Structure formats: structure tokens, C-alpha cells
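With this note's numbering applied, the sequence shown corresponds to residues 653 to 1118, in that order.
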Amino acid sequence: MKTFVKFVLLSLAMAGVILASAFFSQDQATAEEGDPPIRKAELIVTFNQYQWWLTRWANNEPSCYVFVEHEGMPTPLEVLANCDEELYEEWVATPACPPALDEDGDTSTCQGLYLFLADIRPGQRKVVIDLPVPNIWLTLNGCVPTPPQNECSEIPSLVFQAEEPLPNEVITAVHVKLEGAIYDCWTPRCEIPMTATPLIGSEIEFWADSSYGDQSEHFTARVRIVDGGVNPDQKTWFVDVISSQWQGDATVNSCAATWESFPPLGDPPHWLSTPLDPSEMSTNTPFAFLAGQLIQQHIVDASGCEADGLLTNGAASACGVESARGVITDWQNQFDTTIWEVAQETTIPAQLLKNMFAQESQFWPGEIINDEFGLGQLTALGADGPLIWNPSFFEQCCPLVLHTDTCALGYLNIEPEYQAMLQGALATMTNANCPDCEQGIDLVHAQSSVDVFAQLIQGNCEQVSY
653 MKTFVKFVLL SLAMAGVILA SAFFSQDQAT AEEGDPPIRK AELIVTFNQY
703 QWWLTRWANN EPSCYVFVEH EGMPTPLEVL ANCDEELYEE WVATPACPPA
753 LDEDGDTSTC QGLYLFLADI RPGQRKVVID LPVPNIWLTL NGCVPTPPQN
803 ECSEIPSLVF QAEEPLPNEV ITAVHVKLEG AIYDCWTPRC EIPMTATPLI
853 GSEIEFWADS SYGDQSEHFT ARVRIVDGGV NPDQKTWFVD VISSQWQGDA
903 TVNSCAATWE SFPPLGDPPH WLSTPLDPSE MSTNTPFAFL AGQLIQQHIV
953 DASGCEADGL LTNGAASACG VESARGVITD WQNQFDTTIW EVAQETTIPA
1003 QLLKNMFAQE SQFWPGEIIN DEFGLGQLTA LGADGPLIWN PSFFEQCCPL
1053 VLHTDTCALG YLNIEPEYQA MLQGALATMT NANCPDCEQG IDLVHAQSSV
1103 DVFAQLIQGN CEQVSY
């Protein structure tokens, strides 16, 4: 007996040693991997769970149990999720039961099912949330580039400013990799002196360390600093920066930023420019099609012309154009301020937008050809581009048409019929036709559609860079 007891104790002791060894070796292996801590936190969330019975009128016995965590009756989808489809269909088709309105009414003769709140119980659960990560931004010191050529009187320094969003943590270091060298700063702010760069610019990588034990994302920038060579008595430098973390005014348009490629030095060509003031965009092109629309909508009186100033194709004759000349000029320039403001927000060149509208619609923002809409004559097929290639635009526009759960899948992952719904909705969103409006056009709606076409161009930029 004593021998047996000793054997058992020895076996237990050996098992304990093995388990302890396994535990500590596993812990050590995790430590050796050196993985940074994951920025997540557990929260205890309290809630009420409501238990509903899907009950038969005939015998008041539950046929199914429905559990929800909100006040009020379960939604049809919640009933379907908890019960089988046959019960759900029977419940949906259940007629009214008038005896149920009386306190002593006999409901046994009623057909179908009803919902009964059987119980309410408080509950708790752990919810894991993602904590915000450190970030780092890029600015200049010693110069604010002056558009359109982004001139500086001296070579600026690059300033990297890191931020730690968690209240009990701090940035411990900022690292900058430039021309093969790594610069380490042991504060949240890191200033790196620059020199002239090649015409294609210099590639920079930068990131920050946190006391939390992790790092920010590794970001990149391309910086170009080139001798202006204009006036030998007054040195100037052309300074351009491309980076998602750039905090100054945009020094290049958004397509150049997308392609990570600097435009040629000097002023951009007129068609790719954004003037300092929207008044500089004014034009007075004698658009014949626009004149025809103005005449047909009785905005212009061309009754003194043959055939009321209209040609058989709907455009205005020379006489019709001359009769509408003043209105044509005012009409084509009424969108300039909006175009200029959208250009400031998106960095899509204002002149490019205006030229596109002139070419596509002559600034008549209605449906000109079947299923082509707005100032830029967008089609459903054309709407596919910004929805695929401009994710931020998709995230803004999708919930206006589809359920948020569907939108969360991403455009390319939703069903084709839903994609078609989005395409059609986006195209018609740009249509400013308004039979009940004074001029047959909703001009406020037309103004608001300018941003859609800027997003379309941005999507095309993304597609080209793919």
C-alpha cells in the first residue's frame, strides 16, 4: 500500500514538472518572438436581453424563442434568424385575432402565431475594441511654398511631428530614413535639414516609436527641392512634397500625388491650372447647344430669328446664339466659384473641371442624351470607375442607397444587382433636370454635383496608377 502511494505521489510530481515546464517554455517562446503588443482593450458592456415567445393563438404554447437586446418588438429579420422559415411565413401571414382585445376573450379559435414578451434579463459581455495607434505628420520649417510654382527663398527643413493618442503613453522616438541614412530623434518632434534633390525628388521613410511598445505605420514621402535659377541676385527654390502625412497646403494636384510623380517645374499648362481667384476662370464661348437649351426653356427669347433661332438638331442658329449671347456668358460662368472651391478641396485642377463640363455638356446640367446626365454627362457605366477606384467616395455614397452592412463588404464584393443600383443612383444624382423648376433645371443640385465629377477624375487617377 505504501509503495502504491509513493508511486502515485511520484507520478503526480513528475506530471507537475512536465506541465510547469510546458507552461514556462511556451511563455518564453512568446517573449522571444518579440511581437509588439496589440492595441486592443476589453470593455464590460451591460445590456438587457428580451426573450419573446412566438406563440400559437390556439393553445398559447411557444413554438419558437426569439432573443433580442433592444426594447420594442423583434424585427421580422430577427424573427427569421431565430425561427425556421416555415414558422416565420406562418407568423407573417397570421390574420388579426379580435378576441385578444377582450380581457376574457377566447383566442383558441384564432389562427396563426403572435409574439409574447416572456422575460427580461440583465446581462454582461466582454467587448474588444481597437485602440487608436500613434501617428506622425510632415511639415516644413523655414518656408511656406508659394503657389503655383511653390517657391521658397531658402531650403527648408523637414519637420516630423509624432502623436500618441493614448493618455498614459508617449512617443519615445522618431526615425527618418533619407538617402540610405537613418536619423533618430528621441522626442516627438524631429527636424531634418535638407539639401537640393534630383528632379525626381528624394524618397523618405519615417515612423515613430511609442512607450506602449509598438510603432506607428511606416509612411513615405517624396520631396523635391530644385534651384529656381530665375534671378541670380535673389535665390529661389522650387519645393514640392508628396505624402499622405503632409500637413501643409497641397503642393501638387491629387493625380500627381496618387502617381507619386512630380509635374514639370514651373507653371502648369493653363488647362491644368487653378487660378488664385475664381474670377480668372471667366469665359465667353458662344456655345450653340447651350443657346438652344436656353431658347427651348424660354430663358432666352429668340422669336426674332428664323425658326425661333433653333436648328433641327436642337442647337441654336447663328441668330439664336447672338440673341442668347449675354445669357450664355453668364450661364457658363455661374459654376466657376463652385468649381474653384471643389478644386481647393480635392486639388483636381479647376480649369480641367471647367473644360470637361464645356466639352461634355456646354454647361447644361440636364439629361442631354438618353442615360447621360449632368454637367459631365455621366453614365451608369462611367459611374463604375469612382465606385471601384475611389474608396472614400464609395463609403460616402453607398449608405445613401444600400444598407450599411452591404456597404461594409466593399464595392467589388457586393452582388452585381447592388452594384447596378449604385451605378444608376450615382449617375442620376448628377441629373439636374427639374420640370417644375422655373428654368427646367435645379441649379442648386447642379452646383452640388461638381464634387461628384471631381471624385470621378480622382478615381480615374487611381485606376491609371494601378
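Every residue gets a Cβ at the ideal spot worked out from N, C-alpha and C, and that includes glycine. Remember, predicted model here, so these are calculated numbers, not experimental data.
Neighbourhood of residue i by C-beta distance below 8 Å, restricted to the same chain and skipping five residues each side
i, result
"L1004", "W923, L924 and I1109"
"F719", "Q701, Y702, Q703, W704 and N734"
"T1080", "F1025"
"Q678", "Its pLDDT being 31, under 50, Q678 is placed unreliably in this model, and the value from its coordinates should be taken loosely. Cβ neighbours of Q678 beyond the five flanking positions: none."
"T707", "E713, P714, S715, L765, Y766, L767 and F768"
"M1073", "V1053 and L1054"
"E742", "G764 and L765"
"P1001", "N905, P920, W923, L924, S925, T926 and A995"
"D782", "R691 and K692"
"G966", "F941, G944, Q945 and Q948"
"L917", "Q801, L851, V878 and F890"
Nonlocal neighbours in the same chain, by C-beta distance under 7 Å from residue i, ignoring five residues either side
i, result
"P774", "T698 and N700"
"C938", "In the sequence under discussion, the amino acid at residue 938 is Pro, which differs from the Cys named in the question. So the list reads V973, R977 and I980, once near-sequence residues are dropped."
"G794", "E806, P808 and S809"
"S934", "N985 and D988"
"M725", "L767"
Per-residue DSSP class, three states only, for residue i
i, result
"S1101", "coil"
"G1028", "coil"
"C762", "coil"
"L962", "strand"
"T847", "coil"
"C1086", "coil"
"W705", "strand"
"V796", "coil"
"K778", "strand"
"A748", "coil"
"Q1075", "helix"
"H870", "coil"
"I877", "strand"
"W898", "strand"
"L1095", "helix"
"T926", "coil"
"I1021", "coil"
"N700", "strand"
"T1080", "helix"
"L783", "coil"
"A1106", "helix"
"A1119", "Any property of residue 1119 remains undetermined from this structure, which presents the chain solely from 653 to 1118."
"E806", "coil"
The beta strand (DSSP E) enclosing residue i, as first and last residue numbers
i, result
"C716", "P714 to V720"
"V994", "Not the beta strand (DSSP E): V994 falls in the alpha helix (DSSP H), residues D988 to T998."
"Y835", "A833 to C837"
"E723", "From DSSP, E723 is part of no beta strand (DSSP E); its letter is neither H nor E."
"R977", "Premise fails: R977 lies in the alpha helix (DSSP H), R977 to N985, not in any beta strand (DSSP E)."
"L753", "Note, L753: premise wrong, no beta strand (DSSP E); not H, not E."
"S862", "S854 to S862"
"D892", "W889 to I894"
Endpoints, the alpha helix (DSSP H) within which residue i is located
i, result
"N734", "P728 to N734"
"N793", "Premise fails: N793 lies in the beta strand (DSSP E), N787 to N793, not in any alpha helix (DSSP H)."
"V952", "Careful: V952 lies outside any alpha helix (DSSP H) and carries neither H nor E."
"Q945", "A940 to Q948"
"E1012", "A1002 to E1012"
"L818", "That residue, L818, is in no alpha helix (DSSP H); it is neither H nor E in DSSP."
Residues of its chain near residue i, where Cβ-Cβ distance is below 6 Å and the 5 sequence neighbours each way are ignored
i, result
"L769", "W704"
"A817", "Per the sequence shown, residue 817 should be read as Pro rather than Ala. Within the same chain, P817 has close Cβ partners P784."
"L1027", "F1009, S1013 and P1017"
"D736", "none"
"S1101", "G1026 and T1082"
"P1038", "F1045, Q1107, L1108 and G1111"
"Y864", "E821"
"I1035", "A small fix is needed here, since residue 1035 is Ala in this sequence, not Ile. Hits under 6 Å: Q1075, L1078 and A1079."
"V811", "T791, N793 and E843"
"P845", "S809"
"K829", "E857"
Handout entry: Sequence ranges, alpha helix (DSSP H) only - wholly within the segment 1031-1073, length at least 4
Key = 1032-1041, 1043-1049 and 1056-1059
Exercise for the section: For the segment 858-878 and the segment 776-789, state whether three or more C-beta atom pairs, one from each stretch, are separated by less than 8 Å. Expected result: yes
Practice task
Answer yes if the segment 1045-1057 comes into contact with the segment 1085-1095, meaning at least three C-beta pairs across the two stretches below 8 Å, and no otherwise.
Solution key: no
Exercise for the section: Spell out a yes or no on whether the segment 887-899 and the segment 952-969 are touching, meaning 3 or more CB-CB pairs, one atom from each, closer than 8 Å. Expected result: no
Problem - At least 3 beta-carbon pairs within less than 8 Å: the segment 1029-1037 vs the segment 945-955 - result: no
Handout entry: Validate contact between the segment 741-760 and the segment 835-853 using beta carbons, cut 8 Å, 3 pairs
Key = no
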